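Here is the structure we will look at.
There are 2 protein chains.
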Amino acid sequence: MCELLGMNCNVPTDICFSFSGFQQRGGGTGVHRDGWGIAFFEGKGARLFLDPEPSVNSAIAQLVSQYPIRSRNVIAHIRKATHGSVRLENTHPFMRELWGHHWIFAHNGKMPDFYPELNGSFTPVGDTDSERVFCWLLENLRTRFGQIMPDRLTLLHTLRELTLRIADQGILNFLLSNGDCLFAHCSERLHYLVRRAPFSVAHLKDQDITVDFSELTRPNDRVAIIATLPLTDNETWLNMAAGTLWLFYDGEAVECVETHPAGRLGR
Amino acid sequence: MCELLGMNCNVPTDICFSFSGFQQRGGGTGVHRDGWGIAFFEGKGARLFLDPEPSVNSAIAQLVSQYPIRSRNVIAHIRKATHGSVRLENTHPFMRELWGHHWIFAHNGKMPDFYPELNGSFTPVGDTDSERVFCWLLENLRTRFGQIMPDRLTLLHTLRELTLRIADQGILNFLLSNGDCLFAHCSERLHYLVRRAPFSVAHLKDQDITVDFSELTRPNDRVAIIATLPLTDNETWLNMAAGTLWLFYDGEAVECVETHPAGRLGR
Chain F
36 MCELLGMNCN
46 VPTDICFSFS
56 GFQQRGGGTG
66 VHRDGWGIAF
76 FEGKGARLFL
86 DPEPSVNSAI
96 AQLVSQYPIR
106 SRNVIAHIRK
116 ATHGSVRLEN
126 THPFMRELWG
136 HHWIFAHNGK
146 MPDFYPELNG
156 SFTPVGDTDS
166 ERVFCWLLEN
176 LRTRFGQIMP
186 DRLTLLHTLR
196 ELTLRIADQG
206 ILNFLLSNGD
216 CLFAHCSERL
226 HYLVRRAPFS
236 VAHLKDQDIT
246 VDFSELTRPN
256 DRVAIIATLP
266 LTDNETWLNM
276 AAGTLWLFYD
286 GEAVECVETH
296 PAGRLGR
Chain U
36 MCELLGMNCN
46 VPTDICFSFS
56 GFQQRGGGTG
66 VHRDGWGIAF
76 FEGKGARLFL
86 DPEPSVNSAI
96 AQLVSQYPIR
106 SRNVIAHIRK
116 ATHGSVRLEN
126 THPFMRELWG
136 HHWIFAHNGK
146 MPDFYPELNG
156 SFTPVGDTDS
166 ERVFCWLLEN
176 LRTRFGQIMP
186 DRLTLLHTLR
196 ELTLRIADQG
206 ILNFLLSNGD
216 CLFAHCSERL
226 HYLVRRAPFS
236 VAHLKDQDIT
246 VDFSELTRPN
256 DRVAIIATLP
266 LTDNETWLNM
276 AAGTLWLFYD
286 GEAVECVETH
296 PAGRLGR
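Line by line, the protein sequences give chains F and U. Going by my numbering, the first sequence opens with residue 36, and the numbers climb by one from there. Going by my numbering, the second sequence opens with residue 36, and the numbers climb by one from there.
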């Protein structure tokens with residue numbers, strides 16, 4: 036299994052603090068040694084850093100943890116390979132373009148028997164179940180909406196419907212962003228918090244690093260952090276319910292919809 | 036205008052030496068201050084480093100010039116913006132997936148009136164003429180060959196035909212790679228050399244750095260370097276003729292075809 040880290044903000048913010056803790060789990064305080072990656076949106080552009088090395092040893096991860104790249108949407112991933120070998124093309128997050136926007140996707144879970152028929156508009160480069168899910172989601176979005184990107188809520192409800200169609204085939208925690216908003220699906224385990232005024236001090240779980248956000252922020256700043264497991268030990272992280280799909284926009288959890296097949300909840 | 040740098044090799048090779056010289060031209064010895072980028076293929080995977088900052092000042096460029104990433108196909112670009120603002124989404128190289136392979140493209144030149152009708156399969160994210168050319172090339176390749184990637188020579192001749200259709204609309208020096216081979220189009224200015232045994236000493240033009248390749252190579256290594264302007268001052272660079280499209284594979288210029296509209300050569 037893997038771990039996910041996402042950030043969605045109302046102003047461009049760097050993720051150095053959270054990433055420093057997350058990075059330790061890639062071979063240091065955690066077992067996710069099989070590569071790591073992080074994607075930053077800056078406007079419509081995206082920067083993607085990928086490395087099949089453990090993040091705790093990676094010169095590129097070291098740069099990323101120290102070099103403040105300000106972004107409103109970030110997705111990061113550390114990998115413990117369960118499906119697909121340890122290779123660059125199997126390293127998350129994955130990136131594709133749809134509707135003139137980059138889309139970034141990272142997955143934690145397993146969908147080992149998910150081999151959808153794809154029409155060639157998005158084809159996996161590597162051999163992970165995760166990239167197959169991503170290609171299938173984008174193909175379905177394009178098929179549904181043609182050449183025009185729908186609004187955020189329409190995207191959320193369409194992603195819910197698509198997720199429902201495949202969620203019973205495995206474990207599907209994922210983060211997905213088009214640079215405007217961030218979708219987070221919890222099929223098993225995912226947490227989040229929103230930092231907003233009054234800002235206070237946060238202390239990492241995985242390294243003895245403390246930050247006083249009140250010194251670094253302006254009163255209207257708002258930052259949502261989504262992570263497989265809480266990154267700090269003195270803040271309140273919300274445990275996202277299994278079978279929920281969330282829309283984060285402008286640093287807030289704007290909407291949450293259920294993705295349980297009706298039968299599984301006994302309704 | 037911009038400058039291009041490409042590398043195609045028969046064994047994974049790092050580009051630290053050539054990139055160190057190239058990097059200086061992005062705001063140091065050259066005027067190309069409007070961003071830079073570099074893409075490395077490793078197997079089917081690709082790493083793309085992009086920065087809208089001048090390469091000479093960039094912490095990421097510094098890392099790339101010192102961190103040996105071994106690759107058989109590399110494309111780099113330093114930008115002097117002529118069309119499209121200085122933003123991350125306008126920074127070359129551009130990346131898309133086609134046929135389950137990443138494709139990387141960088142352009143030097145200008146195609147200011149090139150606004151093709153696109154069917155939505157590849158849509159520019161930024162507003163450069165270069166990304167429009169890239170999307171148009173990939174759309175045409177997919178339309179022509181459906182879901183199966185043709186062989187290298189078929190790709191070369193198809194790219195020649197496509198380039199011929201648009202070459203009279205501007206200046207179109209480009210590098211394009213799918214990780215297997217590298218295509219280089221010279222509409223105006225491009226040079227290359229092949230380093231092979233017996234290897235000797237090379238000295239950069241833009242920095243006082245010398246490398247003795249005989250100490251770093253094995254007898255069968257073969258590395259083609261393609262650059263807008265020669266990067267070293269003690270090696271023989273071949274001046275590629277205007278109106279030629281080249282296929283580089285395994286560190287050699289395998290094939291070269293003309294891309295002059297027949298009329299322009301007076302045939």
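Glycine included, C-beta positions come from ideal geometry on N, C-alpha and C. Note that the coordinates shown come from a computational prediction; the quantities given were computed from them, not determined experimentally.
Query raised in the report: Near Gly-205 of chain F, which residues of its chain fall below 7 Å by C-beta distance, leaving aside the five closest residues on each side in sequence?
Result: Gly-144, Lys-145, Met-146, Pro-147 and Phe-149
Query raised in the report: Between Val-246 of chain U and the rest of its own chain, which residues show a CB-CB distance below 6 Å, the 5 nearest in sequence each way excluded?
Result: Phe-52 and Ala-237
Requested in this report: Have a look at Thr-48 of chain U and Trp-171 of chain F and give me their C-alpha separation to the nearest angstrom.
Outcome: 35 Å
Report task. Report yes if the C-beta distance between Leu-39 of chain U and Thr-178 of chain U is below 7 Å; otherwise report no. Result -> no
Query raised in the report: Shorter than 7 Å from the beta carbon of Glu-152 of chain F to some beta carbon of chain U?
Result: no
Query raised in the report: Does DSSP classify Ile-201 of chain U as helix, strand or coil?
Result: helix
Requested in this report: Tell me, to the nearest whole angstrom, how far the beta carbon of His-142 of chain F is from that of Ser-156 of chain F; I am working on the premise that it is less than 8 Å.
Outcome: With 8 Å as the limit, His-142 of chain F and Ser-156 of chain F do not qualify as a contact, their Cβ atoms being about 20 Å apart.
Query raised in the report: Does the beta-carbon of Thr-126 of chain U have 16 or more other beta-carbons within 10 angstroms, so that it is buried, or is it exposed?
Result: buried
Query - contact_flag[the region 56-75 of chain U, the region 279-288 of chain U] where n(CB pairs < 8 Å) is 3 or more - result: no
Query raised in the report: Got a sec: which bits of the region 64-78 of chain F sit with their beta carbon under 7 Å from any beta carbon on chain U, in order along the chain?
Result: Glu-77 and Gly-78
Query raised in the report: Whole alpha helix (DSSP H) runs in the region 104-136 of chain U with 4 or more residues, listed along the chain?
Result: none
Report task. With 7 Å as the threshold, decide whether the Cβ of Gln-58 of chain U is near any Cβ in chain F. Result -> no
Query raised in the report: What separation, rounded to the nearest whole angstrom, lies between the Cα atoms of Ile-104 of chain U and Phe-75 of chain U?
Result: 8 Å
Query raised in the report: Name the chain U residues that come within less than 7 Å of Trp-134 of chain F, Cβ to Cβ?
Result: Thr-158
Query raised in the report: Just reading off the beta strand (DSSP E) that Asn-43 of chain F is part of, what are its end residues?
Result: 38-48
Report task. Whole angstroms is fine: what's the gap from Asn-255 of chain U's alpha carbon to Gly-62 of chain F's? Result -> 37 Å
Requested in this report: Could you run through the region 230-263 of chain F and flag, in chain order, every residue whose CB is less than 8 Å away from some CB of chain U?
Outcome: none
**Report entry** 7 Å Cβ cutoff, Arg-167 of chain F in contact with chain U
**Finding:** no
Report task. Assign Ser-249 of chain U to buried or exposed, taking buried as 16 or more other Cβ atoms, counted over all protein chains shown, within 10 Å of its Cβ. Result -> exposed
Report task. Could you give the DSSP three-state label for Trp-171 of chain F: helix, strand or coil? Result -> helix
Query raised in the report: What is the DSSP secondary structure of Ser-212 of chain F, counted as helix, strand or coil?
Result: strand
Report task. With DSSP as the reference, label Arg-299 of chain U as helix, strand or coil. Result -> In this prediction, Arg-299 of chain U has a pLDDT of 47, which is less than 50 and means its spatial position is unreliable; what the coordinates show is noted afterwards. Of the three classes helix, strand and coil, the one that applies to Arg-299 of chain U here is helix, per DSSP.
Query raised in the report: By how many angstroms is the C-alpha of Trp-134 of chain F removed from the C-alpha of His-118 of chain U?
Result: 21 Å
Requested in this report: Could you tell me the boundaries of the alpha helix (DSSP H) in which Gly-56 of chain U lies?
Outcome: 51-59
Query raised in the report: Cα separation between Met-275 of chain F and Glu-293 of chain U?
Result: 60 Å
Requested in this report: Determine the closest residue to Gly-350 of chain F out of F:Cys-216, F:Cys-291 and F:Gly-80, with distance taken between C-alpha atoms.
Outcome: Look at the range of chain F in this structure, 36 to 302, and you will see that residue 350 of chain F is not part of it.
Query raised in the report: So with Cβ pairs under 7 Å, would you call Leu-199 of chain U a contact of chain F?
Result: no
Requested in this report: Can you say whether Arg-299 of chain F is buried or exposed, counting buried as having 16 or more other CB atoms within 10 angstroms of its CB?
Outcome: Note that Arg-299 of chain F scores 47 on pLDDT, short of 50, meaning its location in the model is unreliable and no value can be drawn from it.
Query raised in the report: Count the other CB atoms within 10 Å of the CB of Tyr-102 of chain U; is the residue buried (16 or more) or exposed (fewer)?
Result: exposed
Requested in this report: Would you verify that the beta carbon of Ala-277 of chain F is, or is not, closer than 7 Å to some beta carbon of chain U?
Outcome: no
Query raised in the report: Is any beta-carbon of chain U found at less than 7 Å from that of Glu-88 of chain F?
Result: no
Query raised in the report: In terms of residue numbering, what span does the alpha helix (DSSP H) encompassing Ile-260 of chain F cover?
Result: Where Ile-260 of chain F is concerned, there is no enclosing alpha helix (DSSP H), although the beta strand (DSSP E) it sits in stretches over 257-262.
Report task. Using a Cβ-Cβ cut-off of less than 8 Å, list which residues of the region 89-122 of chain U approach chain F; keep chain order. Result -> Ala-94, Ile-95, Leu-98, Tyr-102 and Arg-122
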